[in-house]
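Residue numbers (our numbering), protein chains in the order written: chain A, 1 to 283; chain B, 1001 to 1283; chain C, 2001 to 2283; chain D, 3001 to 3283. Even for Gly, the Cβ is constructed at its ideal location relative to N, Cα and C. This structure is a prediction, so every number in the text was calculated from the model and none was measured. Here's the structure we're looking at; comments come further down.
Number of protein chains: 4
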Amino acid sequence: MPTAILLIHCPDQPGLVRAVASFIAENGGNIVHFDQHVDSQEGIFFMRAEWDLANFVISREDLPVFIRALAEPRRMTWSLHFSDERHRLALFVSKDAHCLYDLLSRHEAGELDADIPLIIANHDALRPAAERFNIPFHLIPVTPENKPQAEAQQLALLEEHKVETVVLARYMQILSNDICAAWPNRVINIHHSFLPAFPGAKPYHSAHRRGVKIIGATSHYVTAELDEGPIIEQDVIRVTHKQTVQDLVRQGRDLEKVVLSRAVRWHVQRKVLAYNNKTVVFA
Amino acid sequence: MPTAILLIHCPDQPGLVRAVASFIAENGGNIVHFDQHVDSQEGIFFMRAEWDLANFVISREDLPVFIRALAEPRRMTWSLHFSDERHRLALFVSKDAHCLYDLLSRHEAGELDADIPLIIANHDALRPAAERFNIPFHLIPVTPENKPQAEAQQLALLEEHKVETVVLARYMQILSNDICAAWPNRVINIHHSFLPAFPGAKPYHSAHRRGVKIIGATSHYVTAELDEGPIIEQDVIRVTHKQTVQDLVRQGRDLEKVVLSRAVRWHVQRKVLAYNNKTVVFA
Amino acid sequence: MPTAILLIHCPDQPGLVRAVASFIAENGGNIVHFDQHVDSQEGIFFMRAEWDLANFVISREDLPVFIRALAEPRRMTWSLHFSDERHRLALFVSKDAHCLYDLLSRHEAGELDADIPLIIANHDALRPAAERFNIPFHLIPVTPENKPQAEAQQLALLEEHKVETVVLARYMQILSNDICAAWPNRVINIHHSFLPAFPGAKPYHSAHRRGVKIIGATSHYVTAELDEGPIIEQDVIRVTHKQTVQDLVRQGRDLEKVVLSRAVRWHVQRKVLAYNNKTVVFA
Amino acid sequence: MPTAILLIHCPDQPGLVRAVASFIAENGGNIVHFDQHVDSQEGIFFMRAEWDLANFVISREDLPVFIRALAEPRRMTWSLHFSDERHRLALFVSKDAHCLYDLLSRHEAGELDADIPLIIANHDALRPAAERFNIPFHLIPVTPENKPQAEAQQLALLEEHKVETVVLARYMQILSNDICAAWPNRVINIHHSFLPAFPGAKPYHSAHRRGVKIIGATSHYVTAELDEGPIIEQDVIRVTHKQTVQDLVRQGRDLEKVVLSRAVRWHVQRKVLAYNNKTVVFA
């Protein structure tokens, strides 16, 4: 049974819950999930409402007009989604297979609620993995010299395949500011440290050198500032003096997989609202 | 600024969020927190709404009448609370000091949002601890012979001090079924295992014998079935073959303290709804 | 550079560390890892010594004779292994793909330090997964009627492929007591609960019904008593009232994968010693 | 039954385990704990040996001479301790009570294996807490102007009370480089973040601003570089967008208490070896 999902954030003010709940109820919608949060320090209201469309009297086509009428006087920023319109993801990969295999096997198991029309890679190493799961694999090598052309190729493919969100599944290239600006909160990265500790390259080496007792992984939206975007999810694991850098790399892979897949899943389910370089996650 | 807190559970039906939100908004209340949950398997709706009373036009005295009008046609089970009416807790203790010290130092630090008018003990061991924090200490030894009289004494003290909730802070006695029945969801226990593993006595010994790699603690409402009541909170810690039973006991104390205090805090903040021997915790 | 690994357990007595360390040093071995543990309650000594064979003067063939001379007067139970003799694993599967994919992708990434000469299944569902990773797949359907013959077939295959350890990667059949007895501490299972809570079938349903706030997974050696064998590894994840049974199943898969793979890895590295239905894990 | 504890680190070389184990065994010592670690990247060997003195034939007075003979040819850095010589701790506090109460109640429960002859404070706020537990309380206000004299007073008290280790239990002052240099690996701090994330002041504010999904606490030895010393222990807890800064502060207190107490306990038990700005913890 399809549902509509409405995401809102706006200045906090009286009557917001009533306004949305009344709109849904008066038009025959039955609320399935209703989450709200007020950042009282910043005075911002966040909401995610999901309702059953079975007896809802407004058509999908007309719904935006009605929501606009609700939103404008309250200065709401909003987006509307339908549970049966599947998200389309592009996976960007490099040489590391673990996140790719993880996402593809979840996709195959029906865990992900999304389509994966293509994989884009800057190395050929993971072509066999893509082929095993029958996902088209596009090799676009990126060098300092060809970066603008390579990104143009990537963008053309994303457009052609109607991709909504890009998942950097251990794609070791830094995206240009143009892409970051054009795809706000639509590019999800996995960084192999507990940010803001150890940004940049070789975080497990840095963690080993610093002698931390816990390592982590962080999934975040990509912004123009490297490893500084809104954090969606993090997780950690204990380590001891016994672990070598190679052990950290190996153990970290398990973190990276699960943290990235949680972030992608919540994003796909429209449970993540980003604002002020942070996220509200109605998980 | 005081708030009103309304807890509801009822059969799921369309329009519940609207009904409550409209009631609050139309009478000048500004919603501060609004949490809802639908157990779709059981068809039960749960809600916790908290609103600012500053401009609310209905007096505290009249409010129950209005809520009854809202609740009855929808078969709502409800309770109403005010943030400035401080919860009154009685702590029941035996010989172990750690949970008692933990609760008293949190209370002193203002973390607990509750008053502690008295401590009831079946041993004298913790009297000095109580005295350090200036909480009246009542010694009521319990033996198989005097149990009914002892419980009558306890109940008289609870009534005299207008106690709302009893916290069994490692009180090693089993309450009689009469008390359990008379105080439903108002007696909070801490059990020193990850229930339902290792109910009953000496759980750390059992955990050691079984060779588990993780131990836990569980805070739950007390019911007539020993260690079977609705679970409010649990937490765990990793252990290895190196730990002796004594080590588990020591490490477990840290779990017990934090799990119990979280459960008490959520309970005091009216964030816990119990039903069907489970809890919804709007933490 | 190959190493020798010696595992010992015996009654605790003075001079054990010296005896082993001296034997290794006097014959030119350089200790790489040396772990010992004394269960002082039971009076049992456990040891894992790993030494570099580069300048070791005793040949692999003669080594057992020397170790026997060391072990017999001290009543040591021991086993000897070489790091370059790769462990041979058979994976038993049913219909659930997640543990199989996880083990195969780790194997492909070189994480597992073992060979996987075959997969044995009682359903055909995972044949494509096996084929993707080029591992021979043997379908042996098991019914109440054919169980003895099916197990005979399984055992013949294990012998033919010189399998040392069987991994039950969500194989939903219960092995007969004969196999359990014949393969002590050589069959590793993953159970989808935090044992001893929720043994047997449908543990996520039981966990949901009981309203636990944390779910877990347990990897253990298989014994004749169902879900009662020595625990190798466990891990857990927090859940809330929001999760349905299906959510628990999905989240639990991530636990099962990582717990099973850790157990298999430690077993393969000869880091697990089982005794008294418990394990010492020198991880 | 008293034990001797020998801590060693030295360049890795063949025969180290044998040398120590033989020395102990030949003189009648029975090893109770024996832990070793090789940092193979740096080529450093670490060892902690603990043995029963019941039948040990060398007196405590003579033992250092013998160990020196063992250590010098192998370039060992070593220290020798006896389990019945209780560690003497000074607690430095400011205004926050939680770590102080935690340490004092553990001390009272016999968990800490150490004496606490005095508390030194730069504010008078925690005098009542100290008095409740009958620990002498010394107020030494520290201002930019009087810092050298204040530190001289502190050092005089530490010497007078034969203090071995200083615990900064949320002492908000920065020690001078002189003290840091004079007390290497003998001053333990608790920092209220997951270092190296959020060093310096107000880490919970920084964590909230950055929108992390996990917060932490770190206990480390104090060095001249602020928050840069060898990490002994860390732990973390999940947070969500719901938590305000005040919530983080409150939840963080539970982390700080347990992380600091673990670090102090391991230190007191001589289980921590510091080198290269990292620690080996034989926990």
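Between the alpha carbons of D1035(B) and S22(A), how many angstroms are there, rounded?
Near 17 Å, if we compare the C-alpha coordinates of S22(A) and D1035(B).
For the putative contact between V281(A) and I232(A), defined by C-beta atoms under 8 Å, what is the C-beta separation to the nearest angstrom?
V281(A) to I232(A), Cβ: 7 Å. Contact.
Can you list, in chain order, the residues of its chain with a C-beta nearer than 8 Å to that of E3042(D)? Leave out the 5 residues immediately preceding and following it.
Same-chain partners within the cutoff: N3276.
At a Cβ threshold of 8 Å, is A233(A) touching chain C?
According to the sequence displayed, residue 233(A) carries Glu and not Ala. So, not an interface residue.
Is there a Cβ of chain A sitting closer than 8 Å to that of V1212(B), yes or no?
Judged by the 8 Å Cβ criterion, V1212(B) is not in contact with chain A.
Taking Cβ positions only, does R250(A) come closer than 8 Å to chain C?
By this cut-off, R250(A) is an interface position.
Would you kindly work out how many angstroms separate the C-alpha atoms of G2029(C) and L3063(D), rounded to a whole number?
The alpha-carbon atoms of G2029(C) and L3063(D) are separated by roughly 29 Å.
What did DSSP end up calling L1006(B) once you bin it into helix, strand or coil?
Note: L1006(B) maps to strand in three-state DSSP.
The stretch 3188 to 3215 of chain D: which residues have C-beta closer than 7 Å to a C-beta of chain A, in chain order?
Of all residues in the stretch 3188 to 3215 of chain D, F3194, P3196, A3197, R3210, G3211, V3212, K3213, I3214 have a Cβ within less than 7 Å of some Cβ in chain A.
CB F2045(C) to CB L2080(C), shorter than 8 Å?
Taking 8 Å as the Cβ cut-off, F2045(C) and L2080(C) do not qualify as a contacting pair.
Evaluate contact between the stretch 2116 to 2132 of chain C and the stretch 2156 to 2170 of chain C, counting only Cβ atoms and requiring at least three cross-stretch pairs below 8 Å.
A contact exists between the stretch 2116 to 2132 of chain C and the stretch 2156 to 2170 of chain C.
Extract the residue ranges of the beta strand (DSSP E) inside the stretch 172 to 249 of chain A, only unbroken runs of 3 or more that lie entirely within it.
Runs of the beta strand (DSSP E) inside the stretch 172 to 249 of chain A: 187 to 191, 214 to 221, 231 to 238.
Got a sec? Which residues, its chain only, sit under 7 Å from G1252(B) by beta carbon, not counting five neighbours each side?
Around G1252(B): H1192, Y1204, I1215, A1217.
How big is the Cα-Cα spacing for R2074(C) and S2083(C)?
Going from the Cα of R2074(C) to the Cα of S2083(C) covers about 26 Å.
Using the Cα positions of K2213(C) and W2266(C), report the straight-line distance between them to the nearest angstrom.
Cα to Cα, K2213(C) sits roughly 29 Å from W2266(C).
For E50(A), name the three-state secondary structure that DSSP assigns.
It is a strand residue.
If distances are taken between C-alpha atoms only, which option among R1170(B), K1162(B), R1048(B) comes closest to N1189(B)?
Checking every option, the nearest Cα to that of N1189(B) belongs to R1170(B).
DSSP three-state call for H1098(B): helix, strand or coil?
Looking at H1098(B) - three-state DSSP - the assignment turns out to be helix.
Can the beta-carbon of H208(A) be found less than 8 Å from the beta-carbon of V163(A)?
No, the pair does not count as a contact, with Cβ atoms beyond the cut-off.
In chain B, which residues lie less than 9 Å from V2041(C) when you measure between Cβ atoms?
For clarity, residue 2041(C) is Gln in the given sequence; the question names Val instead. By Cβ distance, chain B contributes H1208, T1244, V1245.
Measuring CA to CA, which of E1111(B), S1059(B), L1100(B) is closest to N1134(B)?
For N1134(B), the nearest C-alpha among the options comes from L1100(B).
Using 8 Å as the limit for Cβ to Cβ distance, is H1037(B) near chain C?
For H1037(B), the answer is yes, since a Cβ of chain C falls inside 8 Å of its Cβ.
Quick one, which of Q3243(D), V3264(D), V3258(D) has its alpha-carbon nearest D39(A)'s?
The shortest Cα separation from D39(A) among Q3243(D), V3264(D), V3258(D) belongs to Q3243(D).
Since Q1036(B) is in the beta strand (DSSP E), which residue starts that stretch and which ends it?
Looking at the DSSP string, the run of the beta strand (DSSP E) that includes Q1036(B) is 1030 to 1039.
Could you say which of P1184(B), V1236(B), H1241(B), K1278(B) lies nearest to E1256(B) if we only look at CA atoms?
When each option's Cα is compared against that of E1256(B), the closest is V1236(B).
Note down, in chain order, every chain A residue with its Cβ under 7 Å from the Cβ of P3230(D).
Those within 7 Å of P3230(D) in chain A are G211.
Among I2005(C), L2070(C), W2078(C), whose alpha-carbon lies nearest the alpha-carbon of A2274(C)?
Of the candidates I2005(C), L2070(C), W2078(C), the one whose C-alpha sits nearest the C-alpha of A2274(C) is W2078(C).
Just to confirm, are A2090(C) and V2032(C) a CB contact at a threshold of 8 Å?
Not in contact: A2090(C) and V2032(C) (Cβ atoms no closer than 8 Å).
Taking C-alpha atoms, which residue in K3202(D), A3263(D), V3239(D), W3183(D) lies nearest to A3224(D)?
For A3224(D), the nearest C-alpha among the options comes from W3183(D).
Taking C-beta to C-beta, are A1125(B) and S3105(D) nearer than 8 Å?
Their beta carbons are not under 8 Å apart, which means A1125(B) does not touch S3105(D) by this criterion.
On a CA-only basis, which of F1092(B), E1108(B), R1127(B) is nearest Q1173(B)? Give me that one, please.
Q1173(B) has its Cα closest to that of F1092(B), out of F1092(B), E1108(B), R1127(B).
For K3278(D), which of helix, strand or coil comes out of DSSP?
Note: K3278(D) maps to strand in three-state DSSP.
Is the separation between the beta-carbon of L53(A) and that of A4(A) shorter than 8 Å?
Yes, the Cβ-Cβ distance between L53(A) and A4(A) is below 8 Å.
Would you say A114(A) and H87(A) are within 8 Å of each other, going by their C-beta atoms?
Contact: yes.
Short of 8 Å in beta carbon distance, which residues of its chain neighbour V2020(C), apart from the five on each side in sequence? Order them along the chain.
Once the five neighbours on either side are set aside, the close Cβ partners of V2020(C) are L2006, I2008, M2047, A2049, L2070.
CB-CB under 8 Å to K1278(B), same chain, minus the five flanking residues each way: which ones, in chain order?
Cβ within range, chain order: P1230, I1231.
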